Amino acid sequence: MRHRDRAPEVQDVHGAGPGGRARRLVLLRHAKSAWPDGVPDHDRPLGPRGLRDAPAAGRLLAGSFGLPDLVLCSPARRARDTWDLAAAELGRMPPVRHDPRLYAADARDLLGVVREVPPEVGTLLLVGHNPGLEDLLLLVAGAAVGDALERVRTKFPTSAVGVLSLPGPWSGLGPGAALLTEMAVPRG
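Heads up, the sequence shown is in the working numbering, so the first residue is -19 and it goes up one at a time.
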């Protein structure tokens, strides 16, 4: 793993949600995909590097970020395969919804999806695509720990994980409302 910043006691840094903990939005860009001839974009599989990096993303989630309460995943094959390989590294399987709105979504579309998340969800994981995920992160991150925001502005590569802490309900998430607490690029 490389490029990682971590904020200790994130709950105390940026407000608490239900149960005294901050809400966390975790963004996972799908792992590196292949470009086979004649395969539609929606059906592209992971490439060799993606097959190595997706489990590393799962180990990162399990070891550093904790399990999400809900996973919203793009139905595109490369996103589904990324989640399946990452999830195999977790101790238990969180609820997963394959939401067609995440495929080819822009930041505003993704923000709309997040705002619909039930208030009892403390940690939400979105598994999707660029440029939408990167643009969402840059839209809602008003500040960051260390140089995480600058690194995202440079590149949010395949398998990248961004973690945002936010106060208040999901329905209130808006521009500049979250703190980017971590940014990691796991490599298998």
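Beta carbons: idealized from backbone N, C-alpha and C, even for Gly. None of these values were measured; they are calculated from a predicted model.
| R133 by DSSP, collapsed to three states: which one? | Looking up residue 133 in the sequence shown gives position 153. In the structure shown, R133 sits in a helix (DSSP, three-state: H, G or I).
| query | Could you check where the alpha helix (DSSP H) with T170 kicks off and where it finishes? | reply | Limits of the chain in this structure are -19 at one end and 168 at the other, which puts residue 170 out of reach.
| message | Please report the distance separating the alpha-carbon of R29 from that of A11. | response | The residue you call residue 29 lines up with position 49 of the sequence shown. The residue you call residue 11 lines up with position 31 of the sequence shown. Whole-angstrom Cα-Cα distance: 8 Å.
| message | Quick check: what's the CA-CA separation for V76 versus D64? | response | Against the sequence shown, residue 76 aligns to sequence position 96. Against the sequence shown, residue 64 aligns to sequence position 84. C-alpha separation (whole angstroms): 10 Å.
| Under the three-state reduction of DSSP, which class applies to L153: helix, strand or coil? | The sequence position of residue 153 within the sequence shown is 173, counting from 1. Looking at L153 - three-state DSSP - the assignment turns out to be coil, as it is neither helix nor strand.
| query | Cβ of R133 within 7 Å of any heavy atom in the ligand HEM? | reply | Absence of the ligand HEM from the depicted structure is noted, as is the absence of any ligand whatsoever, leaving it without description.
| Nearest CA to the CA of A37: which residue from V143, P155, P147? | Numbered from its first residue, the sequence shown carries residue 37 at position 57. Cα-wise, what sits closest to A37 is V143.
| Using the rule of at least 16 other Cβ atoms within 10 Å of the residue's Cβ for burial, across every protein chain shown, is A67 buried or exposed? | Numbered from its first residue, the sequence shown carries residue 67 at position 87. Buried: at least 16 other Cβ atoms inside 10 Å.
| Given 8 Å, three or more beta-carbon pairs between the stretch 141 to 155 and the stretch 87 to 95 | yes
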